[in-house]
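Data first, discussion second: the structure below is written as structure tokens.
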Amino acid sequence: MNQTNGHHGPHHPNGATPGLLERLIGAGQGAGPATPAPRLGLEQFKDCVARDLEALLNTRAGFPAGQLDAYPEARASILNYGLVDFAGFCLSSSEDRAAICASLKDAIERHEPRLKNVSASLEQEHGSVNRLHFVINASLQAAGGAEPVNFNAVLQPSSLHYAISKAGRVFRP
15 MNQTNGHHGP HHPNGATPGL LERLIGAGQG AGPATPAPRL GLEQFKDCVA
65 RDLEALLNTR AGFPAGQLDA YPEARASILN YGLVDFAGFC LSSSEDRAAI
115 CASLKDAIER HEPRLKNVSA SLEQEHGSVN RLHFVINASL QAAGGAEPVN
165 FNAVLQPSSL HYAISKAGRV FRP
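Here the sequence shown stands for residues 15 to 187, where the numbers follow our numbering.
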């Protein structure tokens with residue numbers, strides 16, 4: 015801990031380790047195997063999680079819902095990464111919207127270990143046509159402890175594409 019400013023490592027208040035992608039990209043920029051992983055600040059860490067969430071939600075699982083239920087380890091593995099395809103769902107149906115929320119929550123809990131106590135809810139946006147707005151609430155597990163976070167996920171039904179935003183910024187790969 016830096017005695018002068020109370021920070022873990024230089025310029026990074028919570029000392030969070032970057033995601034795998036950041037570490038792989040950094041490895042190609044002169045960092046060797048003996049180089050310790052750089053640390054991220056809390057906002058940078060949240061940005062990484064938001065980007066990874068968007069990738070998760072925009073990936074379609076290769077197996078239909080329920081097909082891997084008899085194989086719990088396979089169900090929790092990369093074989094089941096992403097969301098089920100919602101193309102056959104009726105977005106005006108409250109049951110289908112609830113199923114989408116449950117699927118969001120399940121996929122995040124299964125494949126995003128940095129988030130705990132996940133909830134996903136559909137928010138009604140007045141004047142919003144042809145898109146659904148979900149709010150994802152969770153507890154971000156960082157080096158400094160748990161931090162409550164909220165992400166907005168906007169689904170464009172025509173393309174089934176999710177855009178994740180936080181603090182007024184939209185994250186796109």
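From the three backbone atoms N, C-alpha and C, an ideal C-beta is built for every residue, glycine too.
Given the structure is predicted, the values throughout are model-derived calculations rather than measurements.
| Query | Result |
| --- | --- |
| Residue of Ala-156, Val-163, Val-149, Leu-154 minimising C-alpha distance to Tyr-194 | Since the first and last residues shown for the chain are 15 and 187, residue 194 lies out of range. |
| Under the three-state DSSP convention, the category Leu-82 falls into | coil |
| Element boundaries [alpha helix (DSSP H), containing Glu-126] | Taken as a continuous stretch (DSSP letters only), Glu-126 belongs to no alpha helix (DSSP H), as it is neither H nor E. |
| Beta-carbon contacts of Asp-110 that lie in its chain and below 7 Å, excluding the five residues immediately before and after | Phe-103, Cys-104 |
| Where Gln-170 sits in the DSSP three-state scheme | strand |
| Short Cβ contact (8 Å threshold) for Leu-129 with Ser-153 | yes |
| Residue range of the unbroken alpha helix (DSSP H) whose run includes Gln-58 | 56 to 71 |
| Presumed contact (8 Å Cβ cut-off) between Ile-122 and Leu-67, rounded CB distance | 7 Å |
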